Each structure stands twice: as structure tokens, then as C-alpha cells.
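Residue numbers (our numbering): -13 to 206.
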């Protein structure tokens, strides 16, 4: 008979146990992205970046042909990591860029989390490459996008079949928090959710403003 214990699964993410790699969140790539609304994509990317910065997740920011073709990385991401240098590449496959690999090795985490544009090229390529080399890989599906829904879904399926673990931006944030009794990051988590969490964020605002006032009145 199995005995349950009040312990989290080892597969759940924690702040210091992984490296986040955010790839090609750039204007030129976003223009052709059709699998997700760009406003939603920017919100989700911001949620991921703010969560990573707040929980002190080692993060690699990389672009492709920033000055000659694709443009700057979304400010929602770079603002979360002020002063951090971006690694600009010529390779479509981030995993074939020596500067990125040096940074992956310097950080030294076996667990990697990917997000970026486009899913079927700039995410699939490094994810499959990292998996083949023995890394444990997660992909934030709604912080990725592609030229069509079909392209995105086929890319996600291919990565999952190879062993990648899919998740969402909000899931990433809440998995890092995981316990509302962790007061040191409570305001960080709810603050990010209120700003970028859509309907869930509105629910937090409602609960704090309306229900909070009602609870206060009942106590008086």
C-alpha cells in the first residue's frame, strides 16, 4: 500500500533549479505570428520574465539579427532584467550558438525552460538538441507563437513526443510560488498576476478590494 507524504513532485519547478531561455521575442518575428494574439503573447512573455526575475531564475535572453533584420527584444522582457546583455545570434537554432552554450554551461542547470518565437523553428531546434544531450526541458506553450496555429501545435506535439514538458505562463508563475504561505514572494506573485494574468488577475483585484472591504466591515 502506498503512503502519501506532503512533499512536492521533483518535476515541479523551483526558482533556483532551472535556467530560463527566452528566444527571439522581436518585432519582425511577431509581425508574422498568427497562432496567438500579439497582446496575449506580450502579456505572457512579460509574466514569464517578471516571474523569473522575481524568483531569481537564471535567465538567458537571446535574439537573432537584432540590428540588421529582426529588431529589439520586447521591452516587457528586457525591463525585467535591467542591464543584462542579450546574446545576438546568426543561427536559427539557439543550441548551435557557442555564446549561448557557454552561458548554459556557466549557469550549470540540468533543467531548462524555453519560450520564444517561432515555435516550429527557434524553439523546436534547441529543445530537441538539449533533450538529445540529456537535459530536462520544459516549454511554455502560450509564451511561444508561430505563423499559424497548425505550425505551433505540430511543433508542440513534436517536442512533447521527444520528452519536453509543456506548461503555460500562468502555470509557470504559480508553480514557482506554489504556497500562499510563502509570504516573501506573495506580493510579487499576486502583483504579476494582477497586471498580466487576465481574468485571474482581475479576480485577485476584486477579492482584495471588494471582499477585503466586506471582511473588514464584518469585523468592525
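Where a beta carbon is used, it is the ideal one built from N, C-alpha and C, also for glycine.
Nothing here was measured: the structure is a model prediction, and the numbers come from that model.
Contact set for residue i: own chain, Cβ-Cβ below 8 Å, skip 5 residues either direction
i, result
"residue 189", "none"
"residue 12", "49, 50, 52, 56, 57, 58, 59, 60, 103"
"residue 3", "95, 97"
"residue 81", "87, 111, 112, 115, 116"
Spatial neighbours of residue i in its chain, beta-carbon cut-off 7 Å, leaving aside the 5 residues before and after
i, result
"residue 197", "none"
"residue 146", "152"
"residue 172", "166"
"residue -11", "none"
"residue 205", "The predicted position of residue 205 is uncertain, since its pLDDT is 47 and thus under 50; no value can be drawn from it."
Residue i, DSSP secondary structure in three states
i, result
"residue 291", "The structure shown does not extend to residue 291, since the chain is modelled only from -13 to 206, so the question has no answer here."
"residue 189", "helix"
"residue 202", "Interpretation of residue 202 is limited by its pLDDT of 47, a score under 50 that renders its predicted location unreliable; the figure taken from the coordinates is listed afterwards. Correct three-state label for residue 202: helix."
"residue 128", "strand"
"residue 30", "helix"
Given residue i as reference, the closest of the options once Cα atoms are compared
i, options, result
"residue 105", "126, 115, 67", "126"
"residue 178", "91, 169, 29", "29"
"residue 6", "-8, -7, 67", "67"
"residue 65", "79, 91, 32", "32"
"residue 136", "20, 16, 191", "20"
"residue 108", "8, -3, -8", "8"
"residue 54", "75, -4, 159, -9", "75"
"residue 99", "73, 122, 134, 23", "122"
"residue 15", "79, 38, 133, 46", "133"
"residue 43", "-5, 72, 158, 73", "158"
"residue 93", "118, 45, 154", "45"
"residue 161", "-8, 0, 182", "0"
Per DSSP, cross-strand counterpart(s) of residue i
i, result
"residue 48", "9, 73"
"residue 151", "124"
"residue 59", "12"
Residues of its chain near residue i, where Cβ-Cβ distance is below 6 Å and the 5 sequence neighbours each way are ignored
i, result
"residue 193", "none"
"residue 143", "none"
"residue 77", "83"
Alpha helix (DSSP H) segments (min. 4 residues) lying fully within the segment 79 to 124: 84 to 93, 110 to 118
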